[in-house]
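Just below is one structure, and these are the notes that go with it.
Shown next, in the form of structure tokens:
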């Protein structure tokens with residue numbers, strides 16, 4: 001599943017991430033563009049993370065920007 005998630009270092013921008021696996025309410029995500037590179041994978045809590053369905057940024061005037 002793909003989601004739009006706030007960038008870790010610039011939370012005013014978002015980027016698309018793919019869900020790799022889940023563990024309870026935790027998601028292991030990988031930003032799009034990293035293909036099979038697991039070094040940038042990160043965990044987030046669905047209860048506290050800034051996660052949205054794909055298309056949310058366009059509907060809400062938020063910037064989509066690849067992470068640094």
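Numbering (full-length UniProt numbering), first residue to last: 1 to 68.
Positions of the beta carbon are idealized from the N, C-alpha and C atoms, including for glycine.
Bear in mind the structure is a predicted one, so any value in this text is a computation, not a measurement.
Nearest-angstrom Cα separation, counted from residue j out to residue i
{"i": "residue 52", "j": "residue 33", "result": "18 Å"}
{"i": "residue 57", "j": "residue 6", "result": "10 Å"}
{"i": "residue 17", "j": "residue 47", "result": "17 Å"}
{"i": "residue 45", "j": "residue 59", "result": "24 Å"}
{"i": "residue 54", "j": "residue 4", "result": "6 Å"}
{"i": "residue 71", "j": "residue 49", "result": "What the structure shows of the chain is the stretch from 1 to 68, and residue 71 is not part of that stretch, so it cannot be assessed."}
Interface flag, residue i vs chain B, CB-CB below 8 Å
{"i": "residue 30", "result": "Looking at the structure shown, chain B is missing, and only one protein chain is on hand."}
Residue from the options with nearest C-alpha to residue i
{"i": "residue 2", "options": "9, 15 and 11", "result": "15"}
{"i": "residue 21", "options": "9, 43 and 8", "result": "43"}
{"i": "residue 19", "options": "29, 65 and 12", "result": "29"}
Beta-carbon proximity list for residue i, same chain, < 6 Å, skipping 5 on both sides
{"i": "residue 62", "result": "14"}
Close beta carbons around residue i, own chain, < 8 Å, minus the five adjacent residues each side
{"i": "residue 8", "result": "42 and 67"}
Exercise for the section: Go through the UniProt repeat "MBT" (1-67) residue by residue and report every complete run of the alpha helix (DSSP H) that reaches 4 residues or more, in order. Expected result: 56-60
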